[in-house]
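Structure first, commentary second.
Protein chains: 2
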Amino acid sequence: MTPCRKERPVGRGLRANDIGLVSIVRCQNLSEITRHLVAAAMGRDKADLVIKGGDLVNVNTAEIISGVDVAIKHGRVVLVGDAAHTIGEGTRILDATGYYLVPGLLDGHVHVESSMVTVTEFARAVLPCGTTGIFMDPHEIANVLGVEGVKLMVNEGRGLPLKVYATMPSCVPAAPGFEDAGAAIGPEDIREAMRWEGIIGLGEMMNFPGVLAGDEFVHAEIAETLRAGKVVTGHYSIPETGTGLQAYIAAGIASCHESTRKEDALARLRLGMYAKMREGSAWHDVKATIKSVTETKVDTRHAILVTDDMHPDTLVTLGHLNHVVRRAIEEGMDPIRAIQMATINVADCFGVSRDLGSISPGRCADILLVRDLAGMRVEKVIVDGELVAENGELLVPLPDVTYPELATHSVHLARPLRAEDFIIRIPAGEANLARKKGNSHFTTVRAIEVIEAKVGTRHVLVQLPVESNPGTGERGVSASAEHDIAKVAVIERHRGDKGIGLGFVKGFGFKEGAVASTVAHDSHNLLVVGMADDDMAFAANTLAKCGGGMVAVSHGEVLALVPLPIAGLMSDRPVREVARQVEELEAAWRRLGCRLVSPFMTMALLSLPVLPELRITNRGLVDTVAFKFVDVFNPEVEVVRA
Amino acid sequence: MTPCRKERPVGRGLRANDIGLVSIVRCQNLSEITRHLVAAAMGRDKADLVIKGGDLVNVNTAEIISGVDVAIKHGRVVLVGDAAHTIGEGTRILDATGYYLVPGLLDGHVHVESSMVTVTEFARAVLPCGTTGIFMDPHEIANVLGVEGVKLMVNEGRGLPLKVYATMPSCVPAAPGFEDAGAAIGPEDIREAMRWEGIIGLGEMMNFPGVLAGDEFVHAEIAETLRAGKVVTGHYSIPETGTGLQAYIAAGIASCHESTRKEDALARLRLGMYAKMREGSAWHDVKATIKSVTETKVDTRHAILVTDDMHPDTLVTLGHLNHVVRRAIEEGMDPIRAIQMATINVADCFGVSRDLGSISPGRCADILLVRDLAGMRVEKVIVDGELVAENGELLVPLPDVTYPELATHSVHLARPLRAEDFIIRIPAGEANLARKKGNSHFTTVRAIEVIEAKVGTRHVLVQLPVESNPGTGERGVSASAEHDIAKVAVIERHRGDKGIGLGFVKGFGFKEGAVASTVAHDSHNLLVVGMADDDMAFAANTLAKCGGGMVAVSHGEVLALVPLPIAGLMSDRPVREVARQVEELEAAWRRLGCRLVSPFMTMALLSLPVLPELRITNRGLVDTVAFKFVDVFNPEVEVVRA
C-alpha cells in the first residue's frame, strides 16, 4: 500500500530548478493507473520526466548498469533503458550523466519523536539526505496520547512527499503496574489499527520476556497482527542467540534491530529473521553487526540498515540513512549490497516491493542522484517523479501542521509544584535509620548510578548526611555535590493525580540548579533531576507552562529551554532550530557541572523500568533486576559501593 | 495464508515407519499457536518430533550448516540448532545423520490439469518427489466449468498434505469471439475470487497484446488483483525484452515463466520481475534460461524454477520439481542457489515466506531428507512435521475425491455425431474452385501444418483432389494419406449448440482411423483428427459417452482410450495408471501412422487461437497472425507451399 496523496497547499518561495515544478506529480495507487503507465512505456502517451544517461544501481540484480534512461509517468517509473520513444514536447529531461541512480532510501525502523520534531519537519530534514520512505514506530507519542497520538502522526505523514508507514506500538506502557503512562494499548487496539491505511505491522515487541513466558496479552497482540497479514517487528535486546532467540522468532516475529554483535546479527539472518543493523545517534552498532555479512559470504537479503533514534544534531551534521549506508561501506560492505540493505531488502521485509525499493517499471519514481556511492552524498532527490531536494535543501513546500489541543496541552499537574514536594524525608518512627559518624548523622540510601554513554545503570547504596528541620523536627536527606548525588523526581503528568516518585541519582556531576524533561522513557512523565528543591520545582513548573520540553534552571532562572509542545515530545520548529536549542541546553548542563557525553539520553532513560538495574517511575524506585518496588531507605542491606 | 487442514479420513494400509503415524500432526495458522511454539522452543512443552544431526541447507543465508537439529511442534519448526532440551518422553526422533535437510520444494507455476489427474492424485505423485507446495493456475478447468471449476480444485487442494495455492485464471476464454469455451471469467469474478481462502493472485496474463494495448477488460482484472494486495502472474511469450516487456511489467505484473533465452530471463531479473525458469514435459527452457544467472554474477533472489506443465509419464519417470532443480545444477547452478530458486524465492514471490520456503522457527515443518544435493534424490519427505513419503512412496492416506456431476458430465453434444458431419463440401455455386489436372479435378485448400515438438504451426495451402458424390452431385475434399493431410474438426461440447469447425491438418502422418480429445486448448472443445469420416464420428461419440478423454480408433474399433471424466481433462485414477494409459494411446497413434514426438500436445494446441499461424476452433479456421476467420477454400491465393 502506498499512502494516497491529498492536495497540499503549494506555498511561496519555490526555487526554480531544471525539471520545473509547475505541476507537482503525485504518485497514485498502481491499481488505478496501469493503463496509463503502459501507454507511456509504449510511447503512445509521453513521459512526464525522463532521467537520461545515469548509471543505474540495480538492486534487483546487484549490478551497476551504465547509460540508463528512466522514464516516469504519473509519479511512477514506466521504463528503464532507452527511453527515446517516451519523450514528447511536454516531457521534462534531467541529464544524469556522471550520476549514479540510487533507489530512494527506506528506514526500516525509526522513532520520529527521537528527532524532537513533527513528522513534517522530520521529512524536511531527511528527504534531502535521500530518505524517501520510513517505517516509523510512534511508540513515544503512544505512551502520552495512546491510539489518538498514533493516528495524529500517521495522518500527518499522509500529506507528505516522504512515504510514511507506521507500526502500531505494542508495549504501551512498557511496564504495566510499575508506572502510569498517558495511555495503554492492547490487542483490541491492535486489531482496530491493522485496518488503518498506513499501518504496516506491529511495533517493536520489547516485552520479550512476556513473549518467551507465553504471556497471553502480548501473544494476543501478535496474533491480531498476523491475522491481518501484517508484519510483527521485534526487539530482542539481550546478547543471546540460542533458545530464547529461537523461541522469539517462532512466535512469528519477523525482524529485530537490537543486534549489537556480529553473532547477534548472523544468528538472526540464519534463523530467517530480518537483522536490522542500527546506527543512530546513541547506538553505533554497524561496526560490529556488519561483520555478520562482511566476514562471511552469507546471502544478505535479510540484512537491513536502520537509524532507530536520531537526535536533531545528528540529522543536521551527519545526515540520516545515507550516513548509515556510508558507515556500512566504510566497514567493508560492498556499496551495492549496502544500498540493497536500505532499499529493496526493506521493501521486501514489509511487503511493499511492488511500490518501493527499486528503480523498476511500475514502482514509485523515488530516485536519488549521487556522484560517489561510497560517500553517499545525495545531490538530487526525486520523489514520485518530482525533484524535491537538491544539495541538501528541500525544494517543495510542505503543508502547515497544526496539532490539536489534545496534543499541545499534554502536561497536566494537579497544582504547581513546590520545593516541599521534593523533600525526601526519613519516615517518622524510623529514627534508627540514621547512624552517627563523627559530628554528623548519616543514613544509607539507594541511588541510581548512571554510566556514561551506556544504557544500563547500577543499583548502589550510598551513605548521605541526615539533615534535621529545626522547626518540625523532621529529618531528611538532600542532594550532595560532594558525593555527586542529585535528587531525581518523576511526576505523573498525564492526568496529574498519580503521584510523585522520589529518589537519588549518582554520576551526573551537577553542582547546582536543576534540569527537567517531559521526554522520559517510556511513559514520558515529568522527570526532574536537581541539586536544589526550589530549582526542581521551578524547572518542573516551567515545562508545565510551555506544554513540555527540556529545561535547565539555576537559582530561579531559566538557563536554556527546548520547548516540545507536541505531547511534550516534539517541537513545532524545524530540526535545525531544535538542534540549536538542544546545543544551548547542553551548554547549560555543562554550566551546571555535568560533563557526560550525551547526557539527555542517559537522563531520559532513568525512568524506563525495563532496563537494568535500578530505575524510578512516578510510583517509586524499581529494582529492574528483581522487578519489584524498593524503598529509598533500606537499613538491612549493609553493602555500600560508594 | 496457509490452508487450514480439515480432518481427513485415515484409511487402512498405513506403513509403519520410524517416526510413527499414530497422531497425524496438522499445521495450524501461526497466529493461533505462537504461545505453544514458544513453549516448545523453550523446552517447557516437549517437541513432537526432533530431526537430529542433519546438514541444513540454509536458504536464508545460502550456507550448509552441519550437525543441526530441527525441533517441531504442532507441525511447525520451533528451533533449528541444538534441540536437546526440547526432547521429552513423547518426542519422536528422526536421525538425519548423513542427510541434507532441504526445505520442501514449491512449484511457483503449474497447471495440475496437464498431468491429467486430480489435485489429490497429483499430490500423491509429487509429494514423494519433494514438492510440498504448489501455486497452481487452474486455467484448463476454468475454460470448461468456469469459476465453479476453479472452486472445485481449490477446495480439493485444501484437504491435502500438499499445500495448494491457486491463482485465479485471467484469460477465459483465451480468444473471446473466436471460440466458444464452457465459461468466461471477468473482472467481477476476479474481485470475488480474491476473497477466497487459497487464492493467491491472478493467473498468467496471457493476453499481453491486450495489456500493451491498454485493453480495459484485462487492466480491470489486474486492478482487482492489485487492490486485493495479491500477485499478478504473467505470461509474456515473445522474445522481446524492450519496450513491450517494460510496459508489461509497468502494469504491475510480477512474474513470468515464458523466458526461453538467457536474455529473456536476464531482462526480467533486471527489471524487478520474477523470472520463472521452466522445465516441463514439453518445454525445456532451463538449459538456456539458467545462463542468465550462471554466466553472470547477478543476484538470484528473483529467479525461480517451475514446471508449468508436466505430463503423467514425466512425473513417473523423471520426477517433479526435484528434476528441475537437478537440471539447473547440471547446467552449472550452485546447488544451494538452485534450491533457493525452488523454495525461499518462490515463497517471497507470493508473500508466504512467514509460513513456507525455509527451515526456520515458525515456518511449517516441510522438510526433505536428501543424500546428494546434485542428484536431488529425495529419500524422506516431512510435511507439517509428519513423514508423508519415503523412497518414492506416499505413506499417508489421502482423502477420497468425488467430483460432482457438473464436472463428471461436462461433454454435451446435441446428438451423436455421424460421418456426414465431417464432410468438407465445396460450397455450391463455386464450381470454379476445382481445376482439372490430368484425369482428376483438384482444388486448393488451407491447411494447418504442424511442426514436430514446436508450439507454432504453418499456415499452408495444399492442392487436393476433388471428389464427387454420384448421388447428390455434391463435391467435396477428403483426407489424403498421400499428401499427409488429415481432417480436423472442433465440436463445441460445453452446451452442444455452438457448431462444428472443419478443416485440414498436415504433418501427423496418419494413414487411417481417427483420434479425438477433449483436451484441446484452451476451450477444451471436442477435437478430432482423422482420415475417415466414420472413424471421426466414432471417436467423438466414444469420448462423449465416457465424459471426455483421449482416444484412438480405427475401423469402428477403439485402439486405446484415456478416460478423463473430470471436466474432460482429468482422470480419477492414480498418475501411474494414467501414464500407462497414455503410453497405450501413444502406441495406438503409432499404429495409425503418426511418428511425431509428443504428438498429443501438438494436437491439443491445434485449437488454441492465440498461437501462430493457423488454428481451428468450433467457429472455424482462424488466421492467428491477422487475427481473423478464414475459409478452407480460397481460390484467390495462388501461393502453394506444399
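Line by line, the protein sequences are chains H and S. Counting from 1, one number per residue, gives the positions in the first sequence under the numbering used here. Counting from 643, one number per residue, gives the positions in the second sequence under the numbering used here. Note that CB positions come from ideal geometry on N, CA and C, so glycine has one too. These figures come from a predicted structure and were not determined experimentally.
For H:Glu-379 and H:Asp-372, what's the separation of their Cα atoms in angstroms?
Position 379 of the first sequence holds residue 379 of chain H. Position 372 of the first sequence holds residue 372 of chain H. Straight-line Cα distance between these residues: approximately 10 Å.
Assuming contact is defined by CB atoms lying nearer than 9 Å, are H:Ile-141 and H:Tyr-165 in contact in what I supplied?
Within the first sequence, the letter at position 141 stands for residue 141 of chain H. Within the first sequence, the letter at position 165 stands for residue 165 of chain H. Inclusion of H:Ile-141 and H:Tyr-165 in the CB contact set at 9 Å is not warranted, their separation being larger than that value.
Backbone secondary structure at H:Thr-624 - three-state DSSP
The residue labelled residue 624 of chain H in the question sits at position 624 within the first sequence. Coil.
Residue from H:Gly-146, H:Asp-623 and H:Val-370 with nearest C-alpha to H:Pro-335:
Here residue 335 of chain H is taken as the residue at index 335 of the first sequence, counted from 1. Answer by Cα proximity: H:Val-370.
Quick one: what's S:Phe-1146 bridged to in DSSP?
One-based indexing of the second sequence puts residue 1146 of chain S at position 504. According to DSSP, which records beta bridges pairwise, S:Phe-1146 is partnered with S:Lys-1129.
I want to know whether the region 622–634 of chain H touches the region 336–353 of chain H - three or more CB-CB distances under 8 Å.
They do not touch, by the three-pair rule.
Where DSSP assigns a beta bridge to S:Gln-1105, which residues make up the other side?
For the purposes of this step, residue 1105 of chain S is taken as residue 463 along the second sequence, with counting starting at 1. Secondary-structure assignment with DSSP links S:Gln-1105 through a beta bridge to S:Thr-1086.
Among the residues of its own chain, which have a CB less than 8 Å from the CB of S:Thr-938, if the five just before and after it don't count?
Start at 1 with the first residue of the second sequence, and residue 938 of chain S comes out as number 296. Leu-908, listed in sequence order.
On a CA-only basis, which of S:Thr-703, S:Glu-1124 and S:Ala-823 is nearest S:Gly-1210? Give me that one, please.
Looking up residue 1210 of chain S in the second sequence gives position 568. Ranking S:Thr-703, S:Glu-1124 and S:Ala-823 by Cα distance to S:Gly-1210 puts S:Ala-823 first.
Within the region 79–115 of chain H, note down every full beta strand (DSSP E) run reaching 3 residues or more, in order along the chain.
Runs of the beta strand (DSSP E) inside the region 79–115 of chain H: 92–95, 100–103 and 105–110.
State the DSSP-derived secondary structure class of H:Ser-23, mapped to helix, strand or coil.
As a working note, residue 23 of chain H is residue 23 in the first sequence. For H:Ser-23, the pLDDT reaches just 30, beneath the cut-off of 50, and the residue's location in the model is therefore unreliable, although a value from the coordinates is still provided. Looking at H:Ser-23 - three-state DSSP - the assignment turns out to be coil, as it is neither helix nor strand.
Kindly say whether S:Ala-640, judged by its beta-carbon, lies nearer than 9 Å to any beta-carbon of chain H.
An answer regarding residue 640 of chain S cannot be provided, because it is not within the stretch 643 to 1284 covered by chain S.
S:Ile-895 to S:Val-1193 span [Cα, whole Å]:
Position 253 of the second sequence holds residue 895 of chain S. Position 551 of the second sequence holds residue 1193 of chain S. Approximately 39 Å between the Cα atoms of the pair.
Using beta carbons (cut-off 9 Å, strictly below), is S:Tyr-1045 in contact with chain H?
Taking the first residue of the second sequence as position 1, residue 1045 of chain S is located at position 403. Using a CB distance cut-off of 9 Å, S:Tyr-1045 does not count as an interface residue toward chain H.
From S:Glu-1199, S:Thr-1114 and S:Val-1119, pick the residue whose C-alpha is nearest to that of S:Val-1294; which is it?
Since the first residue of chain S shown is 643 and the last is 1284, residue 1294 of chain S is not available in this structure.
Quick one: residues in its chain with C-beta nearer than 8 Å to the C-beta of H:Ala-184, no 5 flanking neighbours on either side, listed in chain order?
The residue labelled residue 184 of chain H in the question sits at position 184 within the first sequence. Result list for H:Ala-184: Gly-146, Val-172, Pro-173 and Pro-176, in chain order.
Under 9 Å, Cβ to Cβ, is there at least one residue of chain S near H:Leu-37?
Here residue 37 of chain H refers to the residue found at position 37 when the first sequence is read from its first residue. Yes, contact with chain S.
Would the beta-carbon of S:Asp-955 fall within 9 Å of that of S:Val-1224?
Within the second sequence, the letter at position 313 stands for residue 955 of chain S. Within the second sequence, the letter at position 582 stands for residue 1224 of chain S. It is a contact, given that the beta carbons lie within the stated cut-off.
Nearest CA to the CA of H:Ser-554: which residue from H:Ala-41, H:Ala-540, H:Ala-514 and H:Gly-547?
Taking the first residue of the first sequence as 1, we reach residue 554 of chain H at position 554. Measuring from the Cα of H:Ser-554, the nearest candidate turns out to be H:Ala-514.
Less than 9 Å between CB atoms is the rule here; does H:Pro-239 satisfy it with respect to chain S?
In the first sequence, the residue the question calls residue 239 of chain H occupies position 239. No, no contact with chain S.
Hey, could you find the ends of the alpha helix (DSSP H) H:Phe-135 is sitting in?
If you number the first sequence from 1, residue 135 of chain H lands on position 135. First-last for H:Phe-135: 131–136, but that is the beta strand (DSSP E), not the alpha helix (DSSP H).
Between the CA atoms of S:Ile-832 and S:Thr-1114 - distance to the nearest angstrom:
As a position in the second sequence, residue 1114 of chain S is number 472, starting the count at 1. As a position in the second sequence, residue 832 of chain S is number 190, starting the count at 1. Distance from the CA of S:Thr-1114 to the CA of S:Ile-832, rounded to the nearest whole angstrom, comes to 53 Å.
Under 9 Å (Cβ pairs) to chain H, residues found in the region 887–903 of chain S
Those residues of the region 887–903 of chain S that come within reach of chain H (Cβ to Cβ, closer than 9 Å) are Leu-887, Gln-888, Ala-889, Tyr-890, Ile-891, Ala-892, Ala-893, Gly-894, Ile-895 and Ala-896.
Out of S:Ile-880, S:Gly-843, S:Lys-872 and S:Ala-870, point me to the one whose CA is closest to S:Gly-849's CA.
For the purposes of this step, residue 849 of chain S is taken as residue 207 along the second sequence, with counting starting at 1. Note on identity: in this sequence residue 849 of chain S is Asn, with Gly being the wrong assignment. Here the closest residue by C-alpha is S:Ile-880.
Relative to the alpha-carbon of S:Leu-794, which residue among S:Ser-1002, S:Asp-1026 and S:Ile-1208 has its alpha-carbon at the smallest distance?
The residue you call residue 794 of chain S lines up with position 152 of the second sequence. Taking only the C-alpha atoms, the option nearest S:Leu-794 is S:Ile-1208.
To which residues of the same chain is S:Glu-834 closer than 8 Å at the C-beta, ignoring the five residues directly before and after it?
Here residue 834 of chain S refers to the residue found at position 192 of the second sequence. Once the five neighbours on either side are set aside, the close Cβ partners of S:Glu-834 are Val-789.
So, helix, strand or coil for H:His-284, using DSSP?
On the first sequence, position 284 is the one that residue 284 of chain H refers to. Under the three-state reduction of DSSP, H:His-284 is assigned to strand.
By the 10 Å Cβ neighbour count, where 16 or more other Cβ atoms means buried, how is S:Asn-987 classified, buried or exposed?
On the second sequence, position 345 is the one that residue 987 of chain S refers to. The residue in question, S:Asn-987, is buried, as its Cβ has 16 or more Cβ neighbours within 10 Å.
Between the alpha carbons of H:Val-22 and S:Val-1132, how many angstroms are there, rounded?
Sequence index remark: in the first sequence, residue 22 of chain H carries index 22 (1-based). Sequence index remark: in the second sequence, residue 1132 of chain S carries index 490 (1-based). In this prediction, H:Val-22 has a pLDDT of 28, which is less than 50 and means its spatial position is unreliable; what the coordinates show is noted afterwards. Going by the C-alpha atoms only, they are around 60 Å apart.
Could you check the C-alpha separation between S:Ile-675 and S:Gly-1004 for me, to the nearest Å?
In the second sequence, the residue the question calls residue 675 of chain S occupies position 33. In the second sequence, the residue the question calls residue 1004 of chain S occupies position 362. If you take the alpha carbons of S:Ile-675 and S:Gly-1004, they lie about 10 Å apart.
Could you compute how far the alpha carbon of H:Asp-533 sits from the alpha carbon of H:Leu-527?
As a working note, residue 533 of chain H is residue 533 in the first sequence. As a working note, residue 527 of chain H is residue 527 in the first sequence. For H:Asp-533 and H:Leu-527, the distance between alpha carbons rounds to 14 Å.
Backbone CA spacing between S:Leu-1247 and S:Ala-1128 [nearest angstrom]:
Working through the second sequence from its first residue, we reach residue 1247 of chain S at position 605. Working through the second sequence from its first residue, we reach residue 1128 of chain S at position 486. Those two C-alpha atoms are separated by around 16 Å.
DSSP three-state label for H:Asp-308, please.
Mapped onto the first sequence, residue 308 of chain H falls at position 308. In the structure shown, H:Asp-308 sits in a strand (DSSP, three-state: E or B).
Using a threshold of 9 Å, state whether the C-beta atoms of H:Glu-609 and H:Thr-617 are closer than that.
Translated into positions along the first sequence, residue 609 of chain H becomes position 609. Translated into positions along the first sequence, residue 617 of chain H becomes position 617. Here residue 609 of chain H is Pro; the residue named in the question, Glu, does not match the sequence. Cβ distance < 9 Å, so H:Pro-609 and H:Thr-617 count as in contact.
Quick one, are the C-beta atoms of H:Gly-203 and H:His-257 less than 9 Å apart?
Taking the first sequence and counting its residues from 1, the one referred to as residue 203 of chain H is at position 203. Taking the first sequence and counting its residues from 1, the one referred to as residue 257 of chain H is at position 257. Contact flag unset, no.
Do H:Leu-585 and H:Val-562 have their CB atoms nearer than 9 Å?
In the first sequence, residue 585 of chain H corresponds to position 585, counting from 1. In the first sequence, residue 562 of chain H corresponds to position 562, counting from 1. Taking 9 Å as the Cβ cut-off, H:Leu-585 and H:Val-562 qualify as a contacting pair.
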